Each structure stands twice: as C-alpha cells, then as structure tokens.
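Read in our numbering, the sequence shown has 131 at position 131, and its numbers run on one by one without any break. Positions of the beta carbon are idealized from the N, C-alpha and C atoms, including for glycine. No experiment lies behind these values; they were computed from the predicted model shown.
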Amino acid sequence: MSKLFMFEKPIGMRDTFPHLYSLKKEIRMNIENEMMNWGYEFMETPALEYDETVGEASAILDQQLFKLLDQQGRTLVLRPDMTTPIARVAASKLLKDRNPLRLAYAANLFRAQQREGGRPAEFEQIGVELIGDSTVSADAETIALMASVLKASGLKDFTIAVGHVGFLQELFLQIVGTEERAEKLRKHLYEKNYVGYRKHVDSLPLSSIDKKRLIDVLHIQGNGGSIEKAEALLEGEGGRGALRELEELLSVLKDYGVEDYVKMDVSLVSHMSYYTGVLFEVYADNVGFVLGNGGRYDNLLKKFGAEVGATGFGIRMDYLMEALGKSVVQAQPALILFSAERRKEAAAKAAEFRENQQPVIVQDVKGVTDLDSFTAGFKEVYSFIGKAGDQA
C-alpha cells in the first residue's frame with residue numbers, strides 16, 4: 001500500500017469551500033422556512049447508529065455502510081439515510097404524543113464508495129417524513145411540498161415523476177412469474193438502462209404478447225391517459241388498486257395547483273427497498289440526474305414496533321446546487337487595520353459595523369506579511385495605525 005500524500009482525503013469525501021458553504025446555507029434556509037410554513041418540525045438524530053437496528057432496517061446495501069466497533073464490541077454504522085433513524089425515534093417516543101407526525105431534517109449522510117468515480121461518500125440531504133397517515137392526501141402533500149420547496153430554493157424548471165410500486169410489481173409477476181425474475185427487470189429500470197431492459201425482455205421465453213406488455217410499460221408517461229393505458233396491460237384485478245391510487249393522487253395534486261410539475265411514469269422504480277406504494281423522483285431540466293426522491297413506506301415502522309403508514313422525501317443539496325447553477329453574492333466585509341496603540345479605536349469602529357449587522361475584519365498590521373496583496377481583496381479599508389488622528 002502506497003503512502004498517502006498529506007493533502008489526500010478518503011475516497012468520496014469532499015471539502016466545502018467558503019463560497020459554496022454560503023450558497024448552500026442560503027438555499028437550505030429558504031427550504032427550511034418553507035417546510036416549517038407547512039407545519040413540519042426539524043429534528044436531529046445521531047451520526048452513529050447500531051448496525052443491528054438502523055443498519056439492518058435501512059434500505060441501503062450493506063457494502064455501502066461505514067461500519068466501526070464501539071468499546072463494547074457492538075457494530076455501529078454512520079447513518080446511511082435519515083428515514084430509518086427518524087422511524088426509530090417516531091416509533092419509540094414521538095408517536096405517543098402526536099399522530100400523524102410531520103418531521104423534517106437537514107443532515108449529512110454516509111455511503112461508502114468502492115472507488116473514486118465522482119460520487120461523494122458524504123453528502124447533505126434535506127427532507128421530510130409524514131408519519132401516521134396512510135391516505136392518498138398524505139402522498140399528495142409530500143409531493144406538493146417537494147414542488148413548493150424547490151420553487152423556494154429558486155429552481156424553476158423541474159419535473160416530478162410519479163409511479164407506484166404495486167402496479168409494476170403485479171405486472172411483472174403476472175408475466176414472469178417469480179420475484180427473482182421480476183427483480184432483474186426492476187434493476188434495469190432503476191438504472192435507466194432501457195436498452196438493457198429491452199434486450200433482457202427479448203431474451204425471455206415469453207409469448208410475443210407478453211413481451212409487448214413489458215415493452216409497452218416504458219412508453220406510458222404523462223398525465224393524459226396513462227392510467228387507462230397501464231390498466232390495459234394488466235390481467236385480472238391485481239395492480240388495479242395501485243392505479244386507482246395514482247388516479248386519486250393526480251386529482252389531489254390538481255387541487256394543490258402543482259399538476260404542471262408532475263408527470264405520471266408507471267415504469268418508475270426505486271433502489272430503496274422499503275417503498276410500498278406511491279413513489280416519486282424529481283429531475284431538473286438542465287441536469288441529467290435525480291435531485292431527490294420519495295415515496296410511501298408503510299412497513300418500515302413495523303420493524304420498530306409501530307403499526308403506522310408513512311411517506312416522505314429527501315433532496316440532495318449538492319445536486320440541487322448544481323441544478324440551480326447560481327453563485328452566491330456574499331456581503332463583502334470591511335477591513336480595519338490597526339497598530340497596537342490604536343487597538344481600542346479599531347475595536348470601537350468594528351463594534352459599530354457589527355451593531356448594524358455589517359461584516360468586518362479587524363486585523364493587526366503586524367500579522368500581515370504582504371499588506372498590498374492582503375488589502376487588494378477589500379473594497380472598504382480603515383486604518384488605525386500610528387498616532388491618533390492618522391485614520392485613513
């Protein structure tokens with residue numbers, strides 16, 4: 001193993017420089033305010049959880065978990081998602097006081113990367129969980145809230161694709177017969193590998209009619225007639241309940257006035273295995289990846305002893321910042337230079353700035369090696385150097 005360079009970081013870890021930090025803070029604040037306006041309360045959970053509880057309940061693959069041992073020999077994990085830890089807290093405490101619960105979070109998540117491929121192993125996600133409400137109204141609220149917070153962040157052009165786990169699961173089982181075969185089809189769809197999906201369908205020992213049913217599902221998108229087209233692919237009653245939910249969902253979203261941001265996509269699949277019903281992903285028009293996703297997960301809280309349904313979503317802050325593509329306009333601080341005999345005057349001047357909420361840097365002139373280079377980055381420079389009365 002080669003020796004690490006002094007400036008190397010672990011695979012997938014990133015530094016956030018001051019200008020990006022300021023931009024992320026501004027975006028996060030706008031999103032948090034919108035979430036709170038909808039009645040969601042922010043909370044935090046530990047960065048470390050037990051592997052045998054949260055680690056095993058999480059939908060994140062085991063090889064993506066950062067694991068370590070505590071002093072008692074128990075395996076811990078750095079939290080890979082926030083839905084599972086919040087489910088733990090809700091089931092053990094919060095649901096006793098209020099049901100349904102509306103919770104929100106902004107937290108760093110950790111997912112190990114096998115090699116450096118541009119994917120961060122630590123990233124910030126902001127999101128909500130609506131726990132204890134199993135209605136379509138709750139599904140619609142989370143989707144409408146996602147649209148609302150994205151607009152609050154400054155994003156204008158985006159699409160929320162909506163599907164249902166139950167429809168696709170029933171269709172695949174009707175045609176290929178086993179969960180193992182259905183999983184192979186879902187994997188291609190999750191990876192958006194539509195060429196691979198078509199090749200796999202073509203290789204299956206199925207009738208031409210069944211192959212056509214599997215291919216046709218790729219073309220059922222949009223809000224005009226999608227439900228009817230999807231229903232035509234089904235045999236019997238299985239899967240039709242899921243389509244009725246989607247139909248009702250679209251109607252409720254129209255009441256929220258967000259239908260123009262929503263597109264039905266019955267081929268939608270998620271890598272999060274705990275989703276049980278409606279699921280959704282959001283795309284920005286100018287970037288080629290998913291900014292955030294969400295859906296219904298009615299079985300997750302059962303793992304923590306609570307028989308309640310839930311839904312929610314999470315948005316990747318790094319992806320959202322890229323989609324926004326804007327630079328932050330930071331308030332340029334003023335600079336006050338001082339020498340030892342004028343320190344008190346410099347401190348008093350700085351206090352005036354701060355009382356008016358204006359940023360200011362106070363710098364001892366002896367601490368600067370290149371005065372011209374240092375001061376070149378400031379528009380306002382005040383000097384308290386030498387005898388009193390010599391201010392510039």
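Quick one: grab the DSSP three-state call for residue i.
i: residue 264; result: strand
i: residue 274; result: coil
i: residue 98; result: coil
i: residue 291; result: strand
i: residue 356; result: coil
i: residue 76; result: strand
i: residue 347; result: helix
i: residue 296; result: strand
i: residue 364; result: strand
i: residue 105; result: strand
i: residue 49; result: strand
Within 10 angstroms of the Cβ of residue i, are there 16 or more other Cβ atoms? Answer buried if so, exposed if not.
i: residue 18; result: exposed
i: residue 8; result: exposed
i: residue 320; result: buried
i: residue 178; result: exposed
i: residue 209; result: exposed
i: residue 372; result: exposed
i: residue 386; result: exposed
At what residues does the beta strand (DSSP E) containing residue i begin and finish?
i: residue 184; result: First-last for residue 184: 179-190, but that is the alpha helix (DSSP H), not the beta strand (DSSP E).
i: residue 314; result: 310-316
i: residue 127; result: 122-131
i: residue 382; result: 381-384
Between the options, which has its C-alpha nearest residue i's C-alpha?
i: residue 163; options: 285, 263, 106, 53; result: 263
i: residue 334; options: 354, 318, 198; result: 354
i: residue 306; options: 99, 233, 254, 289; result: 99
i: residue 340; options: 360, 318, 364; result: 364
i: residue 86; options: 66, 73, 43; result: 43
i: residue 207; options: 176, 236, 195, 266; result: 176
i: residue 28; options: 125, 66, 70; result: 125
i: residue 111; options: 367, 356, 55; result: 55
Would residue i pass as an interface residue toward chain C - the criterion being a Cβ-Cβ separation below 9 Å?
i: residue 357; result: Of the chains in the structure shown, none is chain C; there is only one protein chain.
So residue i is in the alpha helix (DSSP H); what residue range does that whole segment cover?
i: residue 172; result: 165-176
i: residue 20; result: 18-37
i: residue 338; result: From DSSP, residue 338 is part of no alpha helix (DSSP H) but of the beta strand (DSSP E) over 334-338.
i: residue 67; result: Note, residue 67: premise wrong, no alpha helix (DSSP H); beta strand (DSSP E) at 67-69.
query: Are at least three pairs of beta-carbons, each pair with one atom in the region 214-227 and one in the region 148-160, less than 8 Å apart?
result: no
message: With three or more beta-carbon pairs closer than 8 Å as the criterion, would you say the region 304-317 touches the region 125-133?
response: yes
- prompt: Given 8 Å as the limit, is there contact between the region 84-96 and the region 294-303, that is, 3 or more CB pairs closer than that?
  reply: yes
message: Does the region 269-277 come into contact with the region 199-207, if we say contact requires no fewer than three beta-carbon pairs (one atom in each stretch) closer than 8 Å?
response: no
- request: Could you say if the region 180-190 and the region 67-75 meet the contact criterion of at least three C-beta pairs nearer than 8 Å?
  value: no
message: Contact between the region 31-40 and the region 251-266 is defined here as three or more beta-carbon pairs at a separation below 8 Å; is this criterion met?
response: no
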